[in-house]
Amino acid sequence: MLVRKEYFNNGGLMGIWKMDESIHELINLFPPEAKVDAEKSINNIGSNRRTLELLTTRILLLELLGRATVILNQDDGKPYLDDNSNHISISHTKGYVAILLHKSCYVGIDIETISNRVENIAHRFISDKEYINLEQKIIHLLLHWSTKECLYKILNEQGVDFKKQLYVTPFEPSSSGIIEAQESKTHAKQTFELNYEVHPTYVLTWVIDTKNAPELPERS
Numbered sequence: 000m001l002v003r004k005e006y007f008n009n010g011g012l013m014g015i016w017k018m019d020e021s022i023h024e025l026i027n028l029f030p031p032e033a034k035v036d037a038e039k040s041i042n043n044i045g046s047n048r049r050t051l052e053l054l055t056t057r058i059l060l061l062e063l064l065g066r067a068t069v070i071l072n073q074d075d076g077k078p079y080l081d082d083n084s085n086h087i088s089i090s091h092t093k094g095y096v097a098i099l100l101h102k103s104c105y106v107g108i109d110i111e112t113i114s115n116r117v118e119n120i121a122h123r124f125i126s127d128k129e130y131i132n133l134e135q136k137i138i139h140l141l142l143h144w145s146t147k148e149c150l151y152k153i154l155n156e157q158g159v160d161f162k163k164q165l166y167v168t169p170f171e172p173s174s175s176g177i178i179e180a181q182e183s184k185t186h187a188k189q190t191f192e193l194n195y196e197v198h199p200t201y202v203l204t205w206v207i208d209t210k211n212a213p214e215l216p217e218r219s
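0 is the number of the first residue of the sequence shown in numbering that gives the first Met the number 0; add one for each residue after it.
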């Protein structure tokens with residue numbers, strides 16, 4: 000079920016889908032001309048969850064763009080659209096898929112189900128210099144992780160060390176707001192402002208890199 004479709008004044012377009020449907024129900028959401036292709040795309044997927052994610056991603060993209068568009072992947076796994084109409088970022092978590100699009104800017108989006116499992120990996124991405132409010136520990140850790148996932152997606156760099164090369168400026172978690180974060184992976188050592196929201200079952204962060212806007216290749 001589509002739970003959010005939002006246009007931003009900087010040209011971005013976000014969509015969030017709650018995965019309530021079965022595989023059969025998702026297939027039936029595709030228009031007739033796209034249904035056969037959707038069925039073929041899942042023929043060799045063994046995981047039921049992965050199948051649901053793939054179909055949900057495609058149907059959400061269809062809802063956002065109003066047309067069937069093929070998602071491909073670069074060698075490093077980064078997604079792109081075969082028609083080069085938009086830059087795209089995709090995130091999956093338990094029960095949700097989120098997509099962020101922009102015609103000219105790099106984008107990053109991340110959605111994370113609220114769970115205390117993030118505590119088990121906190122040592123991998125939180126540095127001693129970063130601040131975590133222990134009274135809101137789980138939410139604060141998730142927002143740090145989600146922020147760094149977004150930065151990784153827009154940096155387009157390999158071998159990024161989340162703990163040493165990505166830094167989140169201290170902030171107090173709220174229901175929504177802006178997070179400032181820096182990267183030291185590149186020579187530019189850029190600072191970014193990311194949007195975040197805390198919902199009852201998930202946290203969401205996203206960024207549109209308006210400072211480094213590449214030109215998309217012309218469509219053939």
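We treat Cβ as the ideally placed atom computed from N, Cα and C, and that holds for glycine.
Since we're looking at a predicted model, the values are computed, not measured.
{"Query": "Quick check: the Cα distance between residue 0 and residue 84, rounded to an integer number of angstroms?", "Result": "25 Å"}
{"Query": "Assuming residue 140 is part of the alpha helix (DSSP H), what are its boundary residues?", "Result": "136-154"}
{"Query": "Which residue's Cα is closest to the Cα of residue 68: 53, 75, 76?", "Result": "53"}
{"Query": "Which residue marks the beginning of the beta strand (DSSP E) containing residue 88, and which one marks its end?", "Result": "86-92"}
{"Query": "With a threshold of 8 Å, are at least 3 pairs of Cβ atoms found where one atom belongs to the region 25-43 and the other to the region 106-118?", "Result": "no"}
{"Query": "Name the DSSP beta bridge partners of residue 17, please?", "Result": "95"}
{"Query": "Report buried or exposed for residue 105, applying the criterion of at least 16 other Cβ atoms within 10 angstroms of its Cβ.", "Result": "buried"}
{"Query": "Nearest-angstrom Cα distance between residue 19 and residue 25?", "Result": "9 Å"}
{"Query": "Take residue 196 as the anchor and find which of 2, 172, 207, 120 has the nearest alpha-carbon.", "Result": "172"}
{"Query": "With a CB to CB cut of under 6 Å and the five nearest residues on each side skipped, what residues in its chain are close to residue 204?", "Result": "109, 145, 146, 149, 193, 195"}
{"Query": "When the distance is taken between beta carbons, is residue 89 closer than 7 Å to residue 55?", "Result": "no"}
{"Query": "Alpha carbon to alpha carbon, how far is residue 129 from residue 166?", "Result": "7 Å"}
{"Query": "Where DSSP assigns a beta bridge to residue 107, which residues make up the other side?", "Result": "206"}
{"Query": "Three-state secondary structure (DSSP) at residue 219?", "Result": "In this prediction, residue 219 has a pLDDT of 45, which is less than 50 and means its spatial position is unreliable; what the coordinates show is noted afterwards. DSSP places residue 219 in coil when its eight states are reduced to three."}
{"Query": "Can you tell me where the beta strand (DSSP E) holding residue 167 begins and where it ends?", "Result": "165-167"}
{"Query": "Give the DSSP bridge partners of residue 220, in chain order.", "Result": "The shown model of the chain, from 0 to 219, leaves out residue 220, and the question about it has no answer."}
{"Query": "Who are the Cβ neighbours of residue 10 in its own chain at under 8 Å, not counting the five residues just before and after it?", "Result": "101, 102, 103, 104, 207"}
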